[in-house]
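Listed in order, the protein sequences are those of chains Z and C. Position one of the first sequence corresponds to residue 0 (numbering that gives the first Met the number 0), numbered consecutively onward. Position one of the second sequence corresponds to residue 0 (numbering that gives the first Met the number 0), numbered consecutively onward.
There are 2 protein chains.
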Amino acid sequence: MSIKIGILGYGNLGRGVEAAVKKNDDMVLKAVYTRRSPDSVKIRTDGVEVKTVSELEKGNEDIDVLVICGGSATDLPEMTPKFASLYNVIDSFDTHARVPEHFKNVDTAAKSNGKTGIISCGWDPGMFSLNRLYATSILPDGKDYTFWGRGVSQGHSDAVRRIDGVKDCRQYTIPVPEALEKVRNGENPELTTRQKHTRECFVVAEEGADKARIENEIKTMPNYFADYDTVVHFISEEEMKRDHSTLPHGGSVIYSGETSDGVNHVIEYSLKLDSNPEFTGSVIIAFARAVYRLNREGNFGAKTVFDIAPAYISPLSGDEIRSHIL
Amino acid sequence: MSIKIGILGYGNLGRGVEAAVKKNDDMVLKAVYTRRSPDSVKIRTDGVEVKTVSELEKGNEDIDVLVICGGSATDLPEMTPKFASLYNVIDSFDTHARVPEHFKNVDTAAKSNGKTGIISCGWDPGMFSLNRLYATSILPDGKDYTFWGRGVSQGHSDAVRRIDGVKDCRQYTIPVPEALEKVRNGENPELTTRQKHTRECFVVAEEGADKARIENEIKTMPNYFADYDTVVHFISEEEMKRDHSTLPHGGSVIYSGETSDGVNHVIEYSLKLDSNPEFTGSVIIAFARAVYRLNREGNFGAKTVFDIAPAYISPLSGDEIRSHIL
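Now the structure itself:
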């Protein structure tokens with residue numbers, strides 16, 4: 000009895016989820032749903048159908064958990080509540096400020112239809128959030144730091160691509176080594192945005208474009224770059240393809256806290272990921288197992304990673320994890 | 000409405016739990032229970048009673064959760080099931096091979112009396128176990144490594160103290176840097192016991208004792224030292240007191256796994272602890288909060304850290320953790 004997975008949206012994350020399903024013997028990919036023409040979408044799993052999203056809207060697809068792979072700005076706020084009334088769902092909604100509203104919408108839709116959904120699953124939000132919660136609960140008298148990178152920020156890469164004269168861009172977020180070092184030593188420094196991360200852009204400019212203007216527009220772009228030290232490199236299309244075709248990422252949650260005067264402890268959770276979307280897809284698929292199980296137990300409504308007892312994401316039994324992993 | 004904590008056993012761990020209670024505003028220490036004469040036990044919290052364990056056995060002490068601080072060899076297998084029939088309990092049972100049996104005994108006692116208990120709570124077993132479970136569930140096609148140290152192993156220190164002519168010993172477990180490096184690089188090496196850790200002993204010998212014999216007995220001791228490279232230093236009592244009076248520890252759980260061919264990810268969870276018992280006590284106290292809440296919800300029986308949704312260990316509400324930590 001495999002858990003039947005549907006994927007809505009077949010971009011980088013959708014492909015990452017597809018890869019993750021293949022690594023889990025108790026799961027099977029039933030279908031990929033797309034807003035594009037299904038004929039134009041070629042997936043990597045033999046014998047699995049690509050269907051239109053309108054099929055999904057009928058509400059009678061044979062899937063246990065629908066993984067919704069969409070953007071947090073406009074897709075997920077609309078799609079996750081809508082499909083949570085028809086299917087068990089999971090998404091990677093990452094607009095931190097709008098989590099309460101999204102949670103409530105998904106909760107209402109799911110509860111009134113006997114469905115279960117996890118929102119904001121992945122590594123941040125997701126595994127990093129869990130580590131912040133564990134650490135702050137264990138050491139209430141402390142402070143947490145989150146560093147991202149070295150890795151590709153797709154939001155920042157997109158922002159640069161919108162600049163006139165830019166053909167392509169890959170933006171890397173890089174933690175400042177001195178800041179990391181201080182935090183790891185338990186010094187609990189106060190750090191500005193600029194002191195925590197630097198940004199490095201690899202840009203393919205259109206022929207004849209004014210590179211000085213592009214560089215200036217990047218470095219002064221509010222929210223995205225103005226508060227950071229940014230390095231800009233202009234490269235060729237060939238170099239972009241050769242050196243920047245993967246989406247590595249990672250980072251660290253570091254927490255430092257005291258249990259009595261002068262007695263300090265440092266907890267660090269770090270990720271080094273060859274592929275951000277494949278790792279994110281793998282976290283989602285592990286928690287999809289929890290969605291399925293909770294729903295069968297009659298535990299309906301919206302959840303986050305905080306609400307999931309870790310045993311629910313493992314394919315092993317309680318006896319097995321106590322014997323082999325505890 | 001504070002959560003009322005009782006501590007059974009006032010050694011290093013009991014004092015660590017006491018320190019942790021002070022850092023949590025929603026908790027209060029009600030009493031310390033001891034097998035010694037209560038008059039001989041001086042605790043660090045004003046106005047809290049020290050009582051005999053026989054008071055506890057009557058079953059009507061006013062505590063919400065009893066933290067049982069005893070040894071895993073003989074104390075906990077007997078004490079935790081016994082007191083789980085009278086109180087909600089939590090312990091740090093760490094004999095991995097006997098976990099299933101201990102779990103069953105505590106489960107039976109607790110369930111038949113409407114009580115809740117968490118066993119094997121701390122950092123290993125405990126936080127390290129959680130990280131092994133999360134990592135292996137997210138990346139099923141991978142391998143996990145646990146390194147301990149640099150830190151004091153009390154079991155190994157005790158073993159050396161039992162050698163004839165040894166007055167005192169402090170044994171440090173140290174990960175081998177080259178092994179750590181390979182694992183962090185995602186090389187997934189096969190490592191023998193000797194290749195993973197070295198052991199360093201600081202020994203105070205009795206006057207006139209044969210140091211060469213002591214050193215040899217240490218280095219050849221089965222299970223404890225024979226499979227390791229061990230360094231032995233003889234020091235004075237003054238040096239022991241000056242340089243080795245704290246109980247630092249730590250270590251790392253490192254997990255490396257693939258999501259598709261050649262696409263690798265490394266997850267690392269590391270602890271650097273100034274005081275092993277204070278950190279362990281802090282983990283226990285956070286999970287004591289979960290014991291209390293689960294019991295009030297009517298969720299009885301034995302649990303491990305795997306069974307606890309992380310939200311249960313936080314003093315914050317669901318809304319608060321979603322808004323501020325997710």
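Where a beta carbon is used, it is the ideal one built from N, C-alpha and C, also for glycine.
Neighbourhood of A72 (chain Z) by C-beta distance below 8 Å, restricted to the same chain and skipping five residues each side: Taking the first sequence and counting its residues from 1, the one referred to as residue 72 (chain Z) is at position 73. T94.
Does chain Z have any CB closer than 8 Å to the CB of P99 (chain C)? In the second sequence, residue 99 (chain C) corresponds to position 100, counting from 1. Closer than 8 Å to some Cβ of chain Z, the Cβ of P99 (chain C) qualifies, so yes.
Closer than 9 Å by beta-carbon distance: list the chain C residues that pair up with V159 (chain Z), in chain order. To locate residue 159 (chain Z), count along the first sequence from 1; it is residue 160. Near V159 (chain Z) there are no residues of chain C at all, since even the closest Cβ is about 26 Å away, more than 9 Å.
For A18 (chain C) and G164 (chain C), the rounded distance between their alpha carbons: Position 165 of the second sequence, counting from 1, holds the residue named residue 164 (chain C). Position 19 of the second sequence, counting from 1, holds the residue named residue 18 (chain C). Just so you know, the alpha carbons of G164 (chain C) and A18 (chain C) end up roughly 35 Å apart.
N- and C-terminal bounds of the alpha helix (DSSP H) containing I217 (chain C): Translated into positions along the second sequence, residue 217 (chain C) becomes position 218. It spans K210 to K218 - the alpha helix (DSSP H) in which I217 (chain C) sits, taken as one unbroken run.
For S128 (chain Z), which residues from the same chain have a beta carbon less than 8 Å from its beta carbon, with the 5 sequence-adjacent residues on both sides left out? Your numbering for residue 128 (chain Z) matches position 129 in the first sequence. For S128 (chain Z), where only same-chain residues beyond five positions count, the Cβ hits under 8 Å are S119, T303, V304 and F305.
For the alpha helix (DSSP H) containing D157 (chain Z), list its first residue and its last residue. Counting from 1 along the first sequence, the entry for residue 157 (chain Z) is found at position 158. Counting along the chain, the alpha helix (DSSP H) containing D157 (chain Z) begins and ends at Q153 to R160.
Among residues of its own chain, excluding the 5 on either side of C68 (chain C), which ones have a beta-carbon nearer than 7 Å to its beta-carbon? Locating residue 68 (chain C) in the second sequence gives position 69, where the first residue counts as 1. Cβ neighbours of C68 (chain C) beyond the five flanking positions: I6, L7, G8, G10, L12, G13 and V16.
I'd like to know if T258 (chain Z) contacts chain C, where contact means its C-beta is closer than 8 Å to some C-beta of that chain. Taking the first residue of the first sequence as 1, we reach residue 258 (chain Z) at position 259. Taking Cβ atoms only, chain C reaches closer than 8 Å to T258 (chain Z), which makes this a yes.
Excluding five sequence neighbours on each side, which residues of the same chain lie with their C-beta closer than 8 Å to the C-beta of D167 (chain C)? Locating residue 167 (chain C) in the second sequence gives position 168, counting from the first residue. Excluding positions up to five away in sequence, the list reads R160, V202, V203, E236 and M239.
Would you mind working out which of C:I253, C:I173 and C:D157 sits nearest M220 (chain C), comparing C-alpha positions? Here residue 220 (chain C) refers to the residue found at position 221 when the second sequence is read from its first residue. Closest by alpha carbon: C:D157.
Check each candidate in Z:K22, Z:F82, Z:T245 and Z:S1 and name the one with the smallest Cα separation from E257 (chain C). In the second sequence, residue 257 (chain C) corresponds to position 258, counting from 1. Checking every option, the nearest Cα to that of E257 (chain C) belongs to Z:K22.
Going along the stretch 250-283 of chain C in order, which residues come within less than 7 Å of chain Z, judged by CB to CB distance? Only those residues of the stretch 250-283 of chain C whose C-beta falls short of 7 Å from the nearest C-beta of chain Z are listed: T258, S259, V262, N263, H264, V265, I266, E267, Y268, S269, L270, K271, L272, D273, S274, E277, F278, S281 and V282.
Could you check whether the stretch 188-201 of chain Z touches the stretch 220-235 of chain Z, counting it as contact only if at least three pairs of C-beta atoms, one from each stretch, sit closer than 8 Å? yes
Candidates C:R97, C:D106 and C:A109, of which the one nearest P124 (chain C) by Cα: The residue you call residue 124 (chain C) lines up with position 125 of the second sequence. Checking every option, the nearest Cα to that of P124 (chain C) belongs to C:R97.
Check distances from the C-beta atoms of the stretch 21-43 of chain C to those of chain Z and list, in chain order, the residues that come in under 7 Å. K22 and N23
Less than 8 Å between the CB atoms is what I'm expecting for V105 (chain C) and T79 (chain C), so what's the real figure, rounded? Along the second sequence, one-based indexing puts residue 105 (chain C) at 106. Along the second sequence, one-based indexing puts residue 79 (chain C) at 80. V105 (chain C) to T79 (chain C), Cβ: 5 Å. Contact.
Reduced DSSP secondary structure (H/G/I, E/B, other) of I320 (chain C): Taking the first residue of the second sequence as 1, we reach residue 320 (chain C) at position 321. Helix.
Give the C-beta separation of G121 (chain Z) and V282 (chain Z) to the nearest angstrom, bearing in mind that I take them to be a contact with Cβ-Cβ under 8 Å. Working through the first sequence from its first residue, we reach residue 121 (chain Z) at position 122. Working through the first sequence from its first residue, we reach residue 282 (chain Z) at position 283. Here G121 (chain Z) really is in contact with V282 (chain Z); their C-beta atoms are around 5 Å apart, less than 8 Å.
Going by CA-CA distance only, name the one from C:A83, C:I324 and C:L179 that's closest to H101 (chain C). By 1-based counting over the second sequence, the position of residue 101 (chain C) is 102. It is C:A83 whose Cα lies nearest to the Cα of H101 (chain C).
Closer than 7 Å by beta-carbon distance: list the chain C residues that pair up with R131 (chain Z), in chain order. Within the first sequence, numbered from 1, the residue matching residue 131 (chain Z) stands at position 132. Here the neighbours are I324.
Nearest to S259 (chain C) by CA position, among Z:F224, Z:G280 and Z:V252, is which residue? Stepping through the second sequence from its first residue, residue 259 (chain C) is reached at position 260. When only C-alpha atoms are compared, the closest one is Z:G280.
Which chain C residues are close to T94 (chain Z), counting only those with a beta carbon under 8 Å from its beta carbon? Translated into positions along the first sequence, residue 94 (chain Z) becomes position 95. Simply none; closest approach about 11 Å.
Given this structure, state the Cα-to-Cα distance separating G185 (chain Z) from G250 (chain C), to the nearest angstrom. By 1-based counting over the first sequence, the position of residue 185 (chain Z) is 186. By 1-based counting over the second sequence, the position of residue 250 (chain C) is 251. So the two alpha carbons sit approximately 16 Å from each other.
Exposed or buried, what is A211 (chain C) when buried is set at 16 or more other beta-carbons lying within 10 Å of its beta-carbon? Working through the second sequence from its first residue, we reach residue 211 (chain C) at position 212. Label assigned to A211 (chain C): exposed.
Tell me whether M26 (chain Z) sits in a helix, a strand or coil according to DSSP, three-state version. Position 27 of the first sequence, counting from 1, holds the residue named residue 26 (chain Z). M26 (chain Z): strand per DSSP, three-state reduction.
Any Cβ of chain C within less than 8 Å of the Cβ of F146 (chain Z)? As a position in the first sequence, residue 146 (chain Z) is number 147, starting the count at 1. Not closer than 8 Å to any Cβ of chain C, the Cβ of F146 (chain Z) fails to qualify, so no.
Examine the Cβ distances between the stretch 50-57 of chain C and the stretch 21-35 of chain C and report whether three or more of them are shorter than 8 Å. yes
Can you list, in chain order, the residues of its chain whose CB lies under 7 Å from that of L246 (chain Z), leaving out five sequence neighbours each side? The residue labelled residue 246 (chain Z) in the question sits at position 247 within the first sequence. Cβ neighbours of L246 (chain Z) beyond the five flanking positions: N11, V151, S274, N275 and P276.
Pull up the DSSP beta-bridge partners for D61 (chain C), would you. Taking the first residue of the second sequence as position 1, residue 61 (chain C) is located at position 62. Partner(s): none; D61 (chain C) has no beta bridge.
V265 (chain Z) versus I253 (chain Z): straight-line alpha-carbon distance, rounded: Stepping through the first sequence from its first residue, residue 265 (chain Z) is reached at position 266. Stepping through the first sequence from its first residue, residue 253 (chain Z) is reached at position 254. As the crow flies, the alpha-carbon of V265 (chain Z) is around 7 Å from that of I253 (chain Z).
Is R198 (chain C) helix, strand or coil when you go by DSSP? To locate residue 198 (chain C), count along the second sequence from 1; it is residue 199. It is a strand residue.
For A301 (chain C) versus I307 (chain Z), is the C-beta distance shorter than 8 Å? Looking up residue 301 (chain C) in the second sequence gives position 302. Looking up residue 307 (chain Z) in the first sequence gives position 308. Contact check for A301 (chain C) against I307 (chain Z) fails: the beta carbons are separated by 8 Å or more.
For D140 (chain Z), I'd like the list of residues in its chain whose CB is within less than 6 Å of its CB, leaving aside the five on either flank, ordered along the chain. In the first sequence, the residue the question calls residue 140 (chain Z) occupies position 141. If we look at D140 (chain Z) and ignore the five residues flanking it on each side, its Cβ neighbours are G256 and E257.
Which residues DSSP lists as bridging G116 (chain Z), in chain order: As a first step, residue 116 (chain Z) is located in the first sequence; it is residue number 117 there, counting from the start. Z:V88 and Z:A301, per the DSSP bridge assignment.
Taking only beta-carbon atoms, is P309 (chain C) less than 8 Å away from chain Z? To locate residue 309 (chain C), count along the second sequence from 1; it is residue 310. Yes, because at least one Cβ of chain Z sits closer than 8 Å to the Cβ of P309 (chain C).
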